[in-house]
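Quick note, in full-length UniProt numbering, the sequence shown goes up one by one and the last residue is 388.
Idealized CB from N, CA, C, for every residue including glycine.
Quick caveat, the model's predicted, so the values are computed rather than measured.
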Amino acid sequence: MAEQHLKIFDTTLRDGEQSPGASMTREEKVRIAKGLERMRVDVLEAGFPAASRGDFDSVRAVAEAVRESRVCALARTREADIHAAGEALAEAEAGRIHTFIATSPIHMQNKLQMSPEEVVDAAVRAVGLARQLCDDVEFSAEDAGRSDGEFLCRIIEAAIDAGATTINIPDTVGYNVPEQFGGLIRSLRERIPNADKAVFSVHCHNDLGLAVANSLAAVHAGARQVECTVNGLGERAGNAALEEVVMAVRTRQDVFDCQTRVNTREIVPTSKLVANITGFHVQPNKAIVGVNAFAHESGIHQDGVLKHRETYEIMRAEDVGWHTNRMVLGKHSGRNAFRSRLEELDIHIDSEEQLNEAFARFKTLADKKHEIFDEDLQALVTEAGAAL
Ligand code: KIV
Ligand code: ZN
1 MAEQHLKIFD TTLRDGEQSP GASMTREEKV RIAKGLERMR VDVLEAGFPA ASRGDFDSVR
61 AVAEAVRESR VCALARTREA DIHAAGEALA EAEAGRIHTF IATSPIHMQN KLQMSPEEVV
121 DAAVRAVGLA RQLCDDVEFS AEDAGRSDGE FLCRIIEAAI DAGATTINIP DTVGYNVPEQ
181 FGGLIRSLRE RIPNADKAVF SVHCHNDLGL AVANSLAAVH AGARQVECTV NGLGERAGNA
241 ALEEVVMAVR TRQDVFDCQT RVNTREIVPT SKLVANITGF HVQPNKAIVG VNAFAHESGI
301 HQDGVLKHRE TYEIMRAEDV GWHTNRMVLG KHSGRNAFRS RLEELDIHID SEEQLNEAFA
361 RFKTLADKKH EIFDEDLQAL VTEAGAAL
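Structure, rendered in structure tokens:
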């Protein structure tokens, strides 16, 4: 089957900013937007213009600055929200209005206090109005992951008829599990008569740590847009992490019949930019972008990687924007990694005996210190030479 395009819709500037404590200034948002553009994301959601004057200005500034990615603005189904989104996007090279309304019983009854009929009407009116302002319109059924399947089919069919070009299925509270969520996407695509007139998208939250797994199950079931954020930022436990989705699809081409257009070498620089601006630092063992993601400490692993990288690496550090993989010298490291690091540092050992002596000293030191640095190695070898 021909490989299809999987769109990456980044919402770091909108849902990501909803992480408590992660708010960004307009200038910071433009810097991140330029990083996302360099990374070649297809769509970047710049904000929610009706939320505040500041958000409106930020969306406008991003729309003016970005030329290569489509810039999206969020709007509830209210007329004023949709007009604000349209106005904020006026200067965009390519814009998208993203309108949403909740479709789950708990949200319709308690939050919206609207009947299902009223919700369908609101969605249809909002999509129709948005289409008058922009030829690219996304509709989201908020809390789709806890909505009734029949009702979802009804509202989505109506939204597509009203002009929605992308249909987004959010697991707003991260309640779904992969098999079920993939099944939901498959069944919606099969049951909705006009489903082929829109791109199906997913937007998964990470409350159970399943956001990426659910997104990938949806891709397997035919979703062709994934909404995600850099470093997995986002409301509560966050959204699906962009870097994980992109690298999973790229690394497992044997499983997915689609590919993203992301320039993966920009992943780590963009992750660092977002971390520095938001102050949300990345945990060391975070997949792809954590400092330990391509580091090896155990002697067995180091020996394997030195003989053939693929013994313990399924991706190349350089492909995601790290300078290289890393051999960390610590108490689990072996002679081979020790010797290799000395060679890299141009430290010459005269004899095997001297190497053994230096390695023994290294092991003693490593029991006391978490990581052995290059200066420690230099000192060890000098001492070993002196002791012999
Ligand atoms: O989580 C969610 O449902 C959202 C929508 C606005 C797409 O963020
Ligand atoms: Zn969300």
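The Cβ-Cβ distance between R53 and C72 does not fall below 8 Å. When the Cα atoms are used, Q259 and E3 turn out to be separated by approximately 7 Å.
G16 carries a helical assignment under DSSP once its states are collapsed to helix, strand and coil.
Around the C-beta of K369, fewer than 16 other C-beta atoms lie within 10 Å, and the residue is accordingly described as exposed. Remark: C-beta atoms of T229 and L242 approach each other more closely than 8 Å. Comparing alpha carbon positions, the residue from R26, K7, A22 and D10 closest to R236 is A22. Assigned with DSSP and collapsed to three states, E352 falls in helix. Spatial neighbours of T166 in its own chain (CB-CB distance under 7 Å, excluding positions within 5 residues in sequence) are listed in chain order as E138, A198, V199, S201 and Q225. Shown here for V381: same chain residues with a beta carbon closer than 6 Å to its own, the five before and five after excluded, namely I347 and A358 in chain order. Residue pairing from DSSP places S140 in a beta bridge opposite F100 and N168. Ranked by Cα distance from R38, the first of V289, N263, G279 and P20 is N263.
Between the beta-carbon of N325 and that of F294 there is about 4 Å, and that keeps the pair under the 8 Å contact cut. Between S147 and R125, the alpha-carbon positions lie close to 21 Å from each other.
Boundaries of the alpha helix (DSSP H) around V120: P116 to L133.
Contact between the region 327-339 and the region 295-315 is present: three or more C-beta pairs spanning the two stretches fall below 8 Å.
Within the region 139-222, the beta strand (DSSP E) runs of at least 3 residues that lie entirely inside it are, in chain order, 166-171 and 199-204.
Judged by beta-carbon spacing, L233 lies within the 8 Å limit of S19, meaning their Cβ atoms are closer than that value. In this structure, the C-beta of H203 approaches the ligand ZN to less than 7 Å from one of its heavy atoms. Taking the Cα of G209 as reference, the smallest distance to any Cα among V177, G149 and I192 is reached at V177.
Non-local beta-carbon contacts of N168 in its own chain, meaning distances under 6 Å to residues more than five positions away in sequence, involve E138, S140, S201 and H203 in chain order. For D319, the shortest C-beta to heavy atom distance toward the ligand ZN is 7 Å or greater. Taking a 10 Å sphere around the C-beta of E118, we find fewer than 16 other C-beta atoms and assign the residue as exposed.
Short note on D55: C-beta not closer than 7 Å to any heavy atom of the ligand ZN. The three-state secondary structure of H301, taken from DSSP, is helix. For A88, same chain residues with a beta-carbon under 7 Å away, outside a window of 5 residues either side, are P49, F56, V59, R60, A63 and A73 in chain order. With a 10 Å radius around the Cβ and a threshold of 16 neighbouring Cβ atoms, V255 comes out exposed. In this structure, A211 and A240 form a Cβ contact; the two beta carbons are roughly 4 Å apart against a cut-off of 8 Å. Nearest neighbour of N276 by Cα position, chosen from A164, E28, K307 and H323, turns out to be E28. By the neighbour-count criterion, in which a residue is buried when 16 or more other Cβ atoms sit within 10 angstroms of its Cβ, G163 is buried. Around the beta-carbon of K111, fewer than 16 other beta-carbon atoms lie within 10 Å, marking it exposed. The beta carbon of D376 sits closer than 7 Å to the beta carbons of L365 from its chain, once the five residues preceding and following it are set aside; these are given in chain order. Under the DSSP assignment, K272 falls outside any beta strand (DSSP E), being part of the alpha helix (DSSP H) whose first and last residues are I267 to T278.
Around G222, the same chain offers I185, R186, R189 and F200 as residues with beta carbons nearer than 8 Å, after the five sequence neighbours per side are excluded.
DSSP places E227 inside the beta strand (DSSP E), whose first and last residues are Q225 to C228. If you ignore the 5 residues before and after Q283, its C-beta comes within less than 7 Å of the C-beta of G290, all in its own chain and listed in chain order. The shortest CA-to-CA distance from H296 to any of E371, P170 and N194 is the one to E371.
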